[in-house]
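J.:
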Amino acid sequence: IFDDADLESAVQGSLFAAFHNQGQACIAGSRILLHESVWDKFLSAFLPRIRSLRIGDPLDEKTQMGPLTSKDHQKRVLEYVDIAKGEGAEILYGGKRPDTPETSRGYYVLPTLVRAENPNMRICQEEVFGPFITVTPFAKEEEAVAIANGVPYGLGAGLWTQNLRRAHGVAAQLRAGMVWINSYKLVDPASPFGGMKMSGIGREMGFETMREYTQVKSVLVGYDFEPWRWPE
Numbered sequence: 149i150f151d152d153a154d155l156e157s158a159v160q161g162s163l164f165a166a167f168h169n170q171g172q173a174c175i176a177g178s179r180i181l182l183h184e185s186v187w188d189k190f191l192s193a194f195l196p197r198i199r200s201l202r203i204g205d206p207l208d209e210k211t212q213m214g215p216l217t218s219k220d221h222q223k224r225v226l227e228y229v230d231i232a233k234g235e236g237a238e239i240l241y242g243g244k245r246p247d248t249p250e251t252s253r254g255y256y257v258l259p260t261l262v263r264a265e266n267p268n269m270r271i272c273q274e275e276v277f278g279p280f281i282t283v284t285p286f287a288k289e290e291e292a293v294a295i296a297n298g299v300p301y302g303l304g305a306g307l308w309t310q311n312l313r314r315a316h317g318v319a320a321q322l323r324a325g326m327v328w329i330n331s332y333k334l335v336d337p338a339s340p341f342g343g344m345k346m347s348g349i350g351r352e353m354g355f356e357t358m359r360e361y362t363q364v365k366s367v368l369v370g371y372d373f374e375p376w377r378w379p380e
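Everything in the sequence shown is counted per my numbering, starting at 149 for the first residue and increasing by one.
#1: I want to check one thing, is the minimum distance from the CB of L226 to the heavy atoms of the ligand COA below 6 Å?
#2: At 3 residues or longer, and completely inside the region 211-263: list those beta strand (DSSP E) runs for me, N to C.
#3: Measure the alpha-carbon distance for Y255 versus Y361 and round it to whole angstroms.
#4: Hey, L216 and G242: beta-carbon distance below 7 Å or not?
#5: Between Y301, A296, F167, G343, which lies nearest to F286 when the distance is taken from Cα to Cα?
#6: Three-state secondary structure (DSSP) at E290?
#7: Tell me which same chain residues have a C-beta within less than 8 Å of the C-beta of A315, skipping the five on either side of it?
#8: Checking 7 Å against the spacing of the C-beta atoms, do L155 and I198 come in under that value?
#9: Which residue comes first and which comes last in the alpha helix (DSSP H) that contains I198?
#10: For L182, which of S366, K365, T284, S339 has the nearest alpha-carbon?
#11: With three or more beta-carbon pairs closer than 8 Å as the criterion, would you say the region 187-196 touches the region 149-165?
#12: Out of A165, E380, E289, which one is the CA nearest neighbour of N311?
#13: Might you give, ordered along the chain, the residues of its own chain that have their beta carbon closer than 6 Å to the beta carbon of S185, omitting 5 neighbours on each side?
#14: Report yes if the CB atom of I203 is closer than 7 Å to the CB atom of T251, and no otherwise.
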């Protein structure tokens, strides 16, 4: 999220990226890299939105976040809270089970925001696969690109800026199979879906899908009827 970003759009996009389906999505946006000049302004808008997320019965249409898939997964997700604290991260919100009548049954975890100054922390390098998102400051564009690329995974990335020249320049540098500009998780059936590095083993959707089910063959035809021979 750059210094010239539309912050309301960035707040909305980050909220959906991190907490849709409780973060249980391969394409979940689990890290925010935030320009230091808009740090306070963004967080002052983002935190209240996290607190206001409606957590409850997934069959209720008003629910925005339901439970995790299993008790074991809930335990694993919550273990990352201790890991984050042990590495010096600050839990800005969440990091525990909710305590409400609606969530007394089910494997719920509060939406969690973690301040992680060091992008090499495990919480920034590993896939939590839960309602966790980290926020890390940056000062320069090249620093943001280096942090974004400095992980083993590369499925999706999003960036917010009103400068489209910058947006396309950064998108070209990001080692991710899909990059969204001023949005996140918009998927078109004609657009290839897949990642780089340790994310995925190919592409699906669009014409690229055809390549997954075909083999390339080279056929060479010689028009010189003279027999081939070694040079004398």
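Where is the CB? At the ideal position from N, CA and C, for every residue including glycine. All figures in this text were calculated on a predicted structure; none of them were measured in a lab.
T.: For this structure:
#1: Judged by which ligands are present, the structure shown has none, so any question about the ligand COA falls away.
#2: 238-241, 260-263
#3: For the purposes of this step, residue 255 is taken as residue 107 along the sequence shown, with counting starting at 1. For the purposes of this step, residue 361 is taken as residue 213 along the sequence shown, with counting starting at 1. Taking the straight line joining both Cα atoms gives about 39 Å.
#4: Translated into the one-based positions of the sequence shown, residue 216 becomes position 68. Translated into the one-based positions of the sequence shown, residue 242 becomes position 94. It is not a contact, given that the beta carbons lie outside the stated cut-off.
#5: As a working mapping, residue 286 is identified with position 138 in the sequence shown. Nearest C-alpha to F286: A296.
#6: For the purposes of this step, residue 290 is taken as residue 142 along the sequence shown, with counting starting at 1. If DSSP states are grouped into helix, strand and coil, E290 belongs with the helices.
#7: Locating residue 315 in the sequence shown gives position 167, where the first residue counts as 1. Counting only Cβ-Cβ distances below 8 Å, and skipping sequence neighbours, we find L307, T309, I329, N330.
#8: If you number the sequence shown from 1, residue 155 lands on position 7. If you number the sequence shown from 1, residue 198 lands on position 50. No, the pair does not count as a contact, with Cβ atoms beyond the cut-off.
#9: One-based indexing of the sequence shown puts residue 198 at position 50. Where I198 is concerned, the enclosing alpha helix (DSSP H) stretches over 187-199.
#10: Here residue 182 refers to the residue found at position 34 of the sequence shown. Taking only the C-alpha atoms, the option nearest L182 is T284.
#11: yes
#12: Position 163 of the sequence shown, counted from the start, is the residue given in the question as residue 311. Of A165, E380, E289, the residue nearest in Cα terms is E289.
#13: Locating residue 185 in the sequence shown gives position 37, where the first residue counts as 1. So the qualifying residues of the chain are D151.
#14: Taking the first residue of the sequence shown as position 1, residue 203 is located at position 55. Taking the first residue of the sequence shown as position 1, residue 251 is located at position 103. In this structure, T251 lies closer than 7 Å to I203 by Cβ.
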